[in-house]
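Numbering (the working numbering), first residue to last: 761 to 1011. The C-beta atom is built at its ideal place from N, Cα and C for all residues, glycine as well.
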Ligand SMILES: Nc1ncnc2c1ncn2[C@@H]1O[C@H](COP(=O)(O)OP(=O)(O)O)[C@@H](O)[C@H]1O
Ligand SMILES: [Mg+2]
């Protein structure tokens, strides 16, 4: 059975793509077959892996290109379905369908062919658009990276509200799996306070924090995952723990 995860916070720069890329890389290193699907027009997933590609998510949605051809191998056991600005055309097309039900089912239907993976991980854009909605209908486990500041916590509250809303509809099967504190620096009082408050409110969902680590910020410019770029860094240690936590959590 494929486990289908999504990494979402309705706030930019909270470590979504960093989490998707390194979680995927860690799982792939352990021998699991992983697909990362980029829903963001910024196209960061391909950039983080340094991947060149011919087809993207917009081809899958707009064209007749079969799903297997739209994915691109980037590492052993690890493929991506990249995005770029052209995904905005796909969004426009979905809006014009004038049938919200069909539009929201698009990812479920088009990605259905990709059943050979152990994990599919969606990287969301921070905006609440038709593709995000479609993504929420498709995934089963939601991971929310929360940076240790007020706005990222607000972004998380927004995600929780959305989850509550869609929880009322029988067609959704998504559940909150993990809240991942990101950019954590234990020397800052604010960080310790926000972490403690998340710990009190969501004890079963909160993971160990991903510490702020310059190696994590540098790795994408070298087109490397943290395990390739700095395998002994805090960043590699923290994402290694997240990989173990995801593997230890039943789907
Ligand atoms: N724990 C961290 N420590 C230091 N820099 C980080 C960390 N996590 C992410 N970054 C950097 O912060 C920026 C935003 O992260 P990113 O994962 O792209 O956020 P998002 O996808 O939510 O917009 C990137 O430049 C990334 O390299
Ligand atoms: Mg991103």
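Pairwise C-alpha distance: residue j and residue i
i            : j           : result
residue 790  : residue 939 : 23 Å
residue 827  : residue 947 : 46 Å
residue 881  : residue 872 : 14 Å
residue 962  : residue 920 : 11 Å
residue 945  : residue 824 : 47 Å
residue 968  : residue 985 : 20 Å
residue 843  : residue 820 : 10 Å
residue 930  : residue 836 : 37 Å
residue 1013 : residue 995 : The displayed coordinates of the chain run from 761 to 1011. Any statement about residue 1013 would go beyond what the structure contains.
residue 1007 : residue 776 : 19 Å
residue 923  : residue 917 : 10 Å
residue 857  : residue 863 : 7 Å
residue 954  : residue 908 : 6 Å
Inter-residue CB distance, residue i and residue j (contact presumed, cutoff 8 Å)
i           : j           : result
residue 905 : residue 774 : 5 Å
residue 840 : residue 847 : Actually they do not touch by this definition, with Cβ atoms about 13 Å apart.
residue 813 : residue 832 : 4 Å
residue 794 : residue 838 : 5 Å
Residue i Cβ short of 6 Å to ligand 1 heavy atom set
i           : result
residue 909 : no
residue 973 : yes
residue 881 : no
residue 977 : yes
residue 809 : no
residue 842 : no
residue 970 : yes
residue 980 : yes
Ligand 2 heavy atom lying under 6 Å from the CB of residue i
i           : result
residue 774 : no
residue 777 : yes
residue 804 : yes
CB contact flag (residue i, residue j, <7 Å)
i            : j           : result
residue 902  : residue 868 : no
residue 942  : residue 970 : yes
residue 784  : residue 845 : no
residue 853  : residue 817 : no
residue 1003 : residue 787 : yes
residue 975  : residue 956 : no
residue 798  : residue 878 : no
residue 1012 : residue 796 : The structure shown does not extend to residue 1012, since the chain spans only 761 to 1011, so no value can be given for it.
Ignoring anything shorter than 3 residues, give me the beta strand (DSSP E) runs that lie fully in the segment 891 to 966, in order along the chain. 901 to 907, 935 to 942
Please list the segments of the beta strand (DSSP E) lying wholly inside the segment 777 to 817, counting only runs of 3 or more residues, in order along the chain. 794 to 798
Whole alpha helix (DSSP H) elements within the segment 973 to 998, 4-residue minimum: 974 to 978, 986 to 989
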